[in-house]
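Residue numbering for the sequence shown follows the numbering used here, starting at 1 and increasing by one per position.
Glycine is no exception: its CB is placed at the ideal position from the N, C-alpha and C atoms.
See structure below.
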Amino acid sequence: MSTWVIIPVKPLKRAKSRLATVLTPEQRQQLAESMFRHVLDVVRGVPQVIGTLVISRDSKALSIARDYNAKTVQETGAPELNSALTRATQVVASWGVDSVLVLPADLPLVTGEDIVKIITMGQGMRSVVIATDQNKDGTNALFMRPPGLIPYAFGPGSYQRHRMLARDAGLSTRIYHSDQLALDIDINDDLDTYKRLVKQVDHQQLFVSD
Numbered sequence: 001m002s003t004w005v006i007i008p009v010k011p012l013k014r015a016k017s018r019l020a021t022v023l024t025p026e027q028r029q030q031l032a033e034s035m036f037r038h039v040l041d042v043v044r045g046v047p048q049v050i051g052t053l054v055i056s057r058d059s060k061a062l063s064i065a066r067d068y069n070a071k072t073v074q075e076t077g078a079p080e081l082n083s084a085l086t087r088a089t090q091v092v093a094s095w096g097v098d099s100v101l102v103l104p105a106d107l108p109l110v111t112g113e114d115i116v117k118i119i120t121m122g123q124g125m126r127s128v129v130i131a132t133d134q135n136k137d138g139t140n141a142l143f144m145r146p147p148g149l150i151p152y153a154f155g156p157g158s159y160q161r162h163r164m165l166a167r168d169a170g171l172s173t174r175i176y177h178s179d180q181l182a183l184d185i186d187i188n189d190d191l192d193t194y195k196r197l198v199k200q201v202d203h204q205q206l207f208v209s210d
């Protein structure tokens, strides 16, 4: 199975605006960049992943991606996550890959083991694997074999939307959960959860705010 990982990245300078009450703009950018680098580093170490594609309108994010030997696509037009992911998926599908795994750039605790398990769960000929966030509302990873099997529906409530799209396509969806992959950092409570969890696992803390 030839799996490519697709990572969409928002402009780093404008990332994590909901943390503005607890972090300075510089700290928010540092946090976003640190998490992005962590995801790239983890993905690079997974043998089952044959390549990574980063799509962004941020030239710095694309430059960072190339430092990790990732392919890049410059996002154009009005910013819209699902449209960007559709374009990125069309690109990798044209290379003849048989599966894609979409990972957000803000997963500070994702591990190679998480990625391996998701890919293993998706070994069926037509398969969808979804990993949800802590609140079982959003989608923190989406695996499809083949690429483009269902439309992308990221955003609030995407976990249930992706499940419904798979069901409507006659597909059985497999659900993957780990506390580490479920954590993304969007609000102050997430930052507090991260600081607590990082003490419980063998993981170097990426960011500390005063």
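Open item on the list: Closest to Q123 by C-alpha separation, out of S83, T173, P11 and W95, would be which residue?
Closed with: T173
Open item on the list: Suppose the cutoff is 7 Å on Cβ atoms and the five residues either side in sequence are ignored; what does the same chain contact list for L12 look like?
Closed with: Q29, A32, E33, D58, K60 and A61
Task: Beta-carbon proximity of N82 to P104, cut-off 8 Å - done: no
Open item on the list: Considering Cα atoms alone, identify which of Y159, P147, G170 and K10 is closest to A131.
Closed with: Y159
TODO: Could you spell out where the alpha helix (DSSP H) holding G112 opens and where it closes?
DONE: G112 to M121
Open item on the list: If contacts are defined as beta-carbon pairs under 8 Å, then I150 and A169 qualify, I think. What distance do you get, rounded to the angstrom?
Closed with: 6 Å
Task: Alpha carbon of T120 to alpha carbon of N69, nearest angstrom - done: 24 Å
Task: L109 versus L183: straight-line alpha-carbon distance, rounded - done: 7 Å
- [ ] Can you say whether W95 is buried or exposed, counting buried as having 16 or more other CB atoms within 10 angstroms of its CB?
- [x] exposed
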